[in-house]
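Sequential numbering of the sequence shown, starting at 18, is according to my numbering.
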Amino acid sequence: MAKVKAQTPAYGVSENAEWPDTKTFTVECECTSQDHAINTHIEIDADKEFDQLEVTHWVEMYTPAHNVSRWKVIWSLLWKGYHTEQHSIMLTRQAAKNWISAVDAAIDHLEEKK
Ligand SMILES: [Zn+2]
18 MAKVKAQTPA YGVSENAEWP DTKTFTVECE CTSQDHAINT HIEIDADKEF
68 DQLEVTHWVE MYTPAHNVSR WKVIWSLLWK GYHTEQHSIM LTRQAAKNWI
118 SAVDAAIDHL EEKK
């Protein structure tokens, strides 16, 4: 199988906004549902004492309306104080490569501004 290289423009990844210390982009799910897309923020120098990036993913989480799991969520929040959910996204190899490339480019771009 041929090795996949990052593309420009990047299939499956769109850049949304840029601020001096932050870049944001969206990773689209192959099924095309916007509910499955991951909106990612990469912030450099979130904490000036450490040489780290802060990567935040914004995703929509759903609990099926006519399902007992909604009660499990309520029970978990009530007795444990937290609830854990999982989000999956389907990517082609090309889109995954482009996502990694977008993160890599964001790091390079933000470091140039330091
Ligand atoms: Zn999907």
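Positions of the beta carbon are idealized from the N, C-alpha and C atoms, including for glycine.
Consider the C-beta atom of residue i and the heavy atoms of ligand 1; say whether any pair is separated by less than 7 Å.
i, result
"residue 53", "yes"
"residue 107", "yes"
"residue 50", "yes"
How far does the beta strand (DSSP E) with residue i in it reach, from first residue to last?
i, result
"residue 70", "70–75"
"residue 31", "30–36"
"residue 40", "39–44"
"residue 60", "55–61"
Go through its chain and collect everything with a Cβ distance to residue i's Cβ below 6 Å, but skip five positions before and after it.
i, result
"residue 73", "58"
"residue 23", "114, 115 and 118"
"residue 53", "46 and 106"
"residue 102", "78"
"residue 21", "110, 111 and 114"
Answer yes or no: does any C-beta atom of chain D fall closer than 8 Å to that of residue i?
i, result
"residue 29", "Within the model displayed, chain D is absent; a lone protein chain is all it includes."
Label residue i either buried or exposed according to how many other C-beta atoms from any shown protein chain fall within 10 Å of its C-beta, with 16 as the threshold for buried.
i, result
"residue 30", "buried"
"residue 45", "buried"
"residue 27", "buried"
"residue 112", "buried"
"residue 97", "exposed"
"residue 40", "buried"
Using C-beta distances below 8 Å, list every residue in its chain close to residue i, excluding the 5 sequence neighbours before and after it, in chain order.
i, result
"residue 124", "59, 61 and 70"
For the alpha helix (DSSP H) that residue i lies in, which residues bound it at each end?
i, result
"residue 128", "110–129"
"residue 93", "86–97"
Report back the beta-carbon spacing between residue i and residue j to the nearest angstrom; my notes put them in contact at under 8 Å.
i, j, result
"residue 91", "residue 55", "With 8 Å as the limit, residue 91 and residue 55 do not qualify as a contact, their Cβ atoms being about 26 Å apart."
"residue 33", "residue 43", "6 Å"
"residue 64", "residue 127", "No, residue 64 and residue 127 are not in contact; Cβ-Cβ is about 14 Å, not under 8 Å."
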